[in-house]
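Just so you know, the sequences run in chain order U and Z.
Here the first sequence is numbered in this note's numbering, starting from 231 and rising by one per residue.
Here the second sequence is numbered in this note's numbering, starting from 231 and rising by one per residue.
As structure tokens, the structure follows; a few thoughts come after it.
There are 2 protein chains.
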Amino acid sequence: MNAAVPIAGNRFVIIGGASLVGSATAGELLDHGAAEVVLFDNFAFGSEDAIAHLRDNPRLRLVRGDVMRLPDLLRALEGAQGALLLAAHMTLSMDRDPWGGLDVNIRGVQNALEACRVNRVRKAVFASSNAVYGYGPNVSGELVEGTPFHTVGVPPAAVIYGATKIIGEALCRDYHRKHGLDTVVLRYCTVYGERQHYRATNALFIIETLDRVRRGERPIVLGDGSETKHFVYVGDLARANRMAFAADATDVAVNASGPRPITTLELVRLVTRLAGGGPEPEFIAEDRGRVRLTSGGAFRIAHEEAARTIGWRPEVDMEEGLRRLIAWRAGNEPRPAAG
Amino acid sequence: MNAAVPIAGNRFVIIGGASLVGSATAGELLDHGAAEVVLFDNFAFGSEDAIAHLRDNPRLRLVRGDVMRLPDLLRALEGAQGALLLAAHMTLSMDRDPWGGLDVNIRGVQNALEACRVNRVRKAVFASSNAVYGYGPNVSGELVEGTPFHTVGVPPAAVIYGATKIIGEALCRDYHRKHGLDTVVLRYCTVYGERQHYRATNALFIIETLDRVRRGERPIVLGDGSETKHFVYVGDLARANRMAFAADATDVAVNASGPRPITTLELVRLVTRLAGGGPEPEFIAEDRGRVRLTSGGAFRIAHEEAARTIGWRPEVDMEEGLRRLIAWRAGNEPRPAAG
Chain U
231 MNAAVPIAGN
241 RFVIIGGASL
251 VGSATAGELL
261 DHGAAEVVLF
271 DNFAFGSEDA
281 IAHLRDNPRL
291 RLVRGDVMRL
301 PDLLRALEGA
311 QGALLLAAHM
321 TLSMDRDPWG
331 GLDVNIRGVQ
341 NALEACRVNR
351 VRKAVFASSN
361 AVYGYGPNVS
371 GELVEGTPFH
381 TVGVPPAAVI
391 YGATKIIGEA
401 LCRDYHRKHG
411 LDTVVLRYCT
421 VYGERQHYRA
431 TNALFIIETL
441 DRVRRGERPI
451 VLGDGSETKH
461 FVYVGDLARA
471 NRMAFAADAT
481 DVAVNASGPR
491 PITTLELVRL
501 VTRLAGGGPE
511 PEFIAEDRGR
521 VRLTSGGAFR
531 IAHEEAARTI
541 GWRPEVDMEE
551 GLRRLIAWRA
561 GNEPRPAAG
Chain Z
231 MNAAVPIAGN
241 RFVIIGGASL
251 VGSATAGELL
261 DHGAAEVVLF
271 DNFAFGSEDA
281 IAHLRDNPRL
291 RLVRGDVMRL
301 PDLLRALEGA
311 QGALLLAAHM
321 TLSMDRDPWG
331 GLDVNIRGVQ
341 NALEACRVNR
351 VRKAVFASSN
361 AVYGYGPNVS
371 GELVEGTPFH
381 TVGVPPAAVI
391 YGATKIIGEA
401 LCRDYHRKHG
411 LDTVVLRYCT
421 VYGERQHYRA
431 TNALFIIETL
441 DRVRRGERPI
451 VLGDGSETKH
461 FVYVGDLARA
471 NRMAFAADAT
481 DVAVNASGPR
491 PITTLELVRL
501 VTRLAGGGPE
511 PEFIAEDRGR
521 VRLTSGGAFR
531 IAHEEAARTI
541 GWRPEVDMEE
551 GLRRLIAWRA
561 GNEPRPAAG
């Protein structure tokens, strides 16, 4: 049995495609000769802007549809060899709307996998998250794929979000086991890069820091700045998605993280420097108004298993990735999030 | 603020009430002077038999309704001071029907909590499970409330079941935080006792062993019989539910387990002895036909936190509990499960 789905000549559907990761992956798949890439989106979070640069490509097609409507997915996936499942609520919107979030993150995934089964799609790549390891005082050190889900002291919305990703992964395993659908689960860590959106707690921190520095305001660091973050550049993630389809791997779940973690203080200093300099950061004790995701100490999201299973390694470090983000943002006015 | 809801004079609704735990808890609440106990059930898993012994009590009322229909719950919870949330799919039915199982275990809980909020119910007690600690090689030793969720090597349906309970708990915390609903989460371990049903993998093992011994067949032990199980007697659990309402505790999650764990071999020998003797057990390597839940070594589900928060300790050990189960079963013919 060969679980590889070559990119060239095949048709892919990106569910939740009008997004940061969706648009980058569409470009990646088109660059590698995909016969067609369909971006399926309900535009609840997605935006026309995120995909404007792709609209002229004759092999790209936009389909308005909703993951909560199985018939939409059944039609969109006709004739597809690969499906990338991105559509999801993240922690912030899960906090605002747990009803919609649980629908999309669970029933939406079931609908997508069912539509893959019915249409005999060869492979589904599911966007999971390092949120499956949880947060809180017990999360530190090397986070490998066998790390359990820690929830002590974690805000409910973040627990719910992580648990929905665990369920999505288990549904992938269940469809593989019961129906032979090939699946690769990629546990994304926080994504940043060109066409950055405003929906993820941690990615938002980069944009907020950049905006403050550009306005000449002091960037804000919570606590002493020693808290770890581990990001991944969107272009690296697009490549991981492509390689997940093209690799022979199936029924696996692997981390997709950037070259190395960074502390919040290092991040603020790096953004400040790349933005051309700015005032010293201000250290504040806490930010009461927002769901905050903290860990117990320094950690690193290990990506060695991804190298073993799909041959992927991150290539863009934060200095280079932030440089690209800042260059892109210089030509784009801030827009508040719809989601 | 006092989160205690005295039993005497108050009205309680047991959602998923026509069940092993539901009927036992109804009896417990009625015995302690509840003004009314409503058993809400759709009879998908529940049965008239489970509650037949209660039907003559004028303070008991049966309401046919479905947790997937919010209006059913809104009506049933009118005027209630307490709600016990039992309705759930367990691992075996989650494997057979992940669509129905995810609906009931997630949206059903949301609907129940929402109906509590609208009706100003004072306290909700949510039936969670030791499944929130997962299974597999890393689950051993003392399982305390902060133990994370282990999923490596665990069957998808068991992962999904455990994750739905984690989500249910987080929804309780969310309703407490956002709406002030008092909640106590009890993490039940496998329940056994009179009016035992056929739905839970581990509880089923007791009944199957008993049935084999009574037929003069050799009881079956998987592996070498050293595997740990930790059960709780249904009467102890009914008392835990009552004490969760009556205690001042809120926004807590605690284990509810029997006095001590048991190995499968000890269990088989105990059941055989209490049934009046029988042939020696047969040791088989594995049971391919069924979802099996294993742990990595000896474990104990700690119940000390329940003593601290709601004053509850288990009282009935397995010898006494099994004696009661066997006496009850002697007067009841085996019936296969509907669920």
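From the three backbone atoms N, C-alpha and C, an ideal C-beta is built for every residue, glycine too.
- Look at the region 354 to 374 of chain U: the residues with a C-beta under 8 Å from a C-beta of chain Z are Gly364 and Asn368.
- The beta carbons of Leu303/U and Leu269/U sit about 13 Å from each other, so the pair does not count as a contact at 8 Å.
- The alpha-carbon separation between Val243/Z and Ile397/U amounts to approximately 30 Å.
- From the listed residues Leu416/Z, Leu497/Z and Leu332/Z, the smallest Cα separation to Gly455/Z is found for Leu497/Z.
- Here Tyr363/U carries a helix assignment [DSSP, helix/strand/coil].
- The DSSP assignment places complete alpha helix (DSSP H) segments of no fewer than 4 residues inside the region 484 to 536 of chain U at 494 to 504, in order along the chain.
- In the DSSP annotation of this structure, the continuous segment of the alpha helix (DSSP H) that includes Arg305/Z starts and ends at Leu300 to Ala306.
- At a cut-off of 8 Å between C-beta atoms, Phe273/U does not count as an interface residue with respect to chain Z.
- Sequence-distant Cβ neighbours of Ala234/Z in its own chain, meaning closer than 7 Å and more than five residues away, are Ala476, Ala477 and Asp478.
- Not a single CB atom of chain U sits nearer than 8 Å to the CB of Ile531/Z.
- Looking from the CA of Asp481/Z, the closest CA among Val348/Z, Val297/Z, Phe356/Z and Ala254/Z belongs to Phe356/Z.
- Per DSSP, Ser370/U has no beta bridge partner at all.
- Taking all protein chains shown into account, Ala474/Z has 16 or more neighbouring C-beta atoms within 10 Å of its C-beta and is therefore buried.
- By the C-beta criterion, the region 351 to 367 of chain U is judged to be in contact with the region 306 to 320 of chain U, since at least 3 inter-stretch pairs fall below 8 Å.
- Within 8 Å of the CB of Thr381/U, the CB atoms of chain Z belong to Pro378, Phe379, Ile396 and Ala400, in sequence order along the chain.
- Between Ser253/Z and Ala280/Z the beta-carbon gap is near 5 Å, inside 8 Å, which marks them as a contact.
- Ile245/Z counts as buried, since no fewer than 16 other beta carbons sit within 10 angstroms of its beta carbon.
- If you draw a straight line from the Cα of Asp547/Z to the Cα of Val443/Z, it comes to about 21 Å.
- The region 339 to 350 of chain Z makes no contact with the region 374 to 392 of chain Z; the number of CB pairs closer than 8 Å stays below 3.
- Ala532/U and Pro491/U have their alpha carbons spaced roughly 10 Å apart.
- Each of Gly371/U, Arg285/U, Phe435/U and Val451/U was checked against the Cα of Thr420/U, and the nearest Cα belongs to Phe435/U.
- Pairwise C-beta distances place the region 405 to 414 of chain Z out of contact with the region 368 to 379 of chain Z, as fewer than three of them are shorter than 8 Å.
- Distances from the alpha-carbon of Asp271/Z to those of Ala318/Z, Arg241/Z and Asn240/Z put Ala318/Z closest.
- Close partners of Val389/Z in chain U (Cβ separation under 7 Å): Ile396 and Ala400.
- One finds nothing in chain Z with a Cβ atom closer than 7 Å to the Cβ of Pro301/U; even the nearest lies about 16 Å away.
- For Glu266/Z, the three-state secondary structure derived from DSSP is strand.
- About 18 Å separates the Cβ atoms of Glu438/U and Arg554/U, ruling out a contact at the 8 Å cut-off.
- Non-local C-beta neighbours of Ala537/Z in its own chain, meaning closer than 7 Å and more than five positions away in sequence, comprise Arg543, ordered along the chain.
- In the structure shown, Thr413/Z adopts extended strand secondary structure according to DSSP, grouped into three states.
- Rounded to the nearest whole angstrom, the C-alpha separation of Arg241/U and Leu292/U is 13 Å.
- Assignment of Arg291/Z by DSSP, reduced to helix, strand and coil, places it in the strand class.
- If you check the CB distance, Val267/Z and Leu260/Z come in under 8 Å.
- Residue nearest to Asn349/U within the set Val382/U, Asp325/U and Leu307/U is Leu307/U (criterion: CA-CA distance).
- Looking at Ala264/U, His262/U and Arg294/U, the one whose alpha-carbon comes closest to that of Gly247/U is Arg294/U.
- Thr394/U is positioned such that its CB atom lies no closer than 8 Å to that of Cys402/U.
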